[in-house]
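Colleague: One structure, as structure tokens, below. Some questions next.
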């Protein structure tokens, strides 16, 4: 993973020390290695974010909202929504800010859908 991040040996050792307090892999326990890998993963995500693209966490949240809205059965639904409001056709092309805006828009749609459903249930009970 350090190669993917284009890290020098010194940068890798600094990241290991920051994550687990160890300066050598040989001194690391399994838990330390796990902490180091998690730290490197966060650095990788941060590097992508710095390039301006949506983070994996943002993409995950968008997919979760898609599931909650019941849109997973029709893949065109999310894509058309994205095209309409952000003029982007693929999730992977979203910039960081666009992904944040899309998440907020999907939350509003979900809130509206839930309030409609609640209103209909109240009318049926009456």
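Residue numbers (the numbering used here): 98 to 223. Note that CB positions come from ideal geometry on N, CA and C, so glycine has one too.
Between the alpha carbons of residue 111 and residue 126, how many angstroms are there, rounded?
Modeller: So the two alpha carbons sit approximately 17 Å from each other.
Colleague: If you draw a straight line from the C-alpha of residue 200 to the C-alpha of residue 143, how long is it?
Modeller: Taking the straight line joining both Cα atoms gives about 19 Å.
Colleague: Going by DSSP, what residues sit across from residue 150 in a beta bridge?
Modeller: Per DSSP, 192.
Colleague: If you run the structure through DSSP and keep just helix, strand and coil, what is residue 186?
Modeller: In this structure, residue 186 counts as coil in the three-state DSSP scheme.
Colleague: Grouping DSSP H, G and I as helix and E and B as strand, with all else coil, what is residue 210?
Modeller: Here residue 210 sits in helix by DSSP.
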